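Contents: one structure, followed by commentary.
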Amino acid sequence: MTVLKKIAALLLLLVLLVPAARAEEAARKEFIDQIIETGHQLYVRAGGKLQRAHYASDIYVCKNFTVHVFNENAKNYRMAEYPDVKLVIPDNLPSKECKPYSYGFYWKDIPASQGNPFYVAAQFKYDAKLSKKENMALALDFMKQVKRGDYFQMSAKYYYGVGAHSAIMISDYDPATNTVHWMDSNMLGEKKNGIRYGKVQYDAVKDISWWAEAFCVKTRGATLYRLRDDIIKK
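Following this line, the structure appears as structure tokens:
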């Protein structure tokens, strides 16, 4: 093949690939928008009132909330690499498999070939070999990686409690204000007659140092799970 033919073949390939890439970008954005809108609808429906977040089937448990808004929309999408595989969202990794770290900031390692459309975009694990100050710097850098649509998973020890928490980031990290915006359920809540009730939050906002201080604790950490780029409409 001559040089000119090779160039022509390459240009043709680019012409074919660009529309496909744009379609995937649009589908991914639409999927994220729909996930966030579903969370917003649950927030509006709650009307500021606490919702039961006690039993394994309650969608207002923090992890259940993030899984529910995913499942409500995932049926309409696939991955271009695996177009025949139904999308799934992994459960949290069992506590015994998280050792020596605390439960809560790892998901089960489900491959994309089995329907997991997420990858680890960033992760912070407290390093006992480093100083608290050095760990905090790493935790803050981690929070600066936040993008709209990221699924946020942490194991924390902070004002609202100790343990795992799940949230979905609804905007990119804002360097001008040093903040992130998110939605979640059951970060805030209370018990009534032994039953846990949680508050649904939408467009909650905090300085990234607030988040970093929550999970920058020995044995704890946080992960950002991000949708792959090759999301397509079913």
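The numbering of the sequence shown is the working numbering, which starts it at -2 and goes up by one. Backbone N, C-alpha and C fix where the C-beta goes; we use that ideal spot for every residue, glycine too. Computed from a predicted model, the values in this text were never measured in an experiment.
| Asked | Found |
| --- | --- |
| Runs of alpha helix (DSSP H) lying entirely within the segment 19 to 77, each at least 4 residues, in chain order | 59 to 71 |
| Cβ contact (3+ pairs, closer than 8 Å) linking the segment 71 to 82 and the segment 107 to 117 | yes |
| Per DSSP, cross-strand counterpart(s) of Q150 | S163, T220 |
| Cβ neighbour criterion (16 or more within 10 Å) applied to L127 | exposed |
| L224 vs R25 beta-carbon contact at 8 Å | yes |
| Simplified DSSP assignment, three categories, for Q142 | coil |
| Length of the line joining the Cα atoms of E187 and A153 | 18 Å |
| Given 8 Å, three or more beta-carbon pairs between the segment 52 to 71 and the segment 26 to 37 | yes |
| N- and C-terminal bounds of the beta strand (DSSP E) containing I228 | 228 to 230 |
| Same chain, Cβ closer than 7 Å to K78, neighbours up to 5 away in sequence not counted | Per the sequence shown, the amino acid found at residue 78 is Glu instead of Lys. Once the five neighbours on either side are set aside, the close Cβ partners of E78 are A109, D227. |
| DSSP-derived helix/strand/coil call for L185 | strand |
| Rounded distance between the beta-carbons of S163 and D181, thought under 8 Å | 7 Å |
| Residue from V117, Q38, K215, R42 with nearest C-alpha to K129 | K215 |
| Limits of the unbroken beta strand (DSSP E) element including I192 | 192 to 204 |
| Own chain partners of K141 with C-beta closer than 6 Å, once the 5 adjacent residues on each side are dropped | Y170 |
| Euclidean distance between Cα positions of G218 and F212 | 5 Å |
| Beta-carbon proximity of Q48 to Y194, cut-off 8 Å | yes |
| Close-in-space but distant-in-sequence residues of the same chain around G36 (CB under 6 Å, 5 per side omitted) | V66, M180 |
| A43 versus N183, V197, K203, A161, residue with shortest Cα-Cα distance | V197 |
| CB of G101 within 8 Å of CB of Q38, strictly | no |
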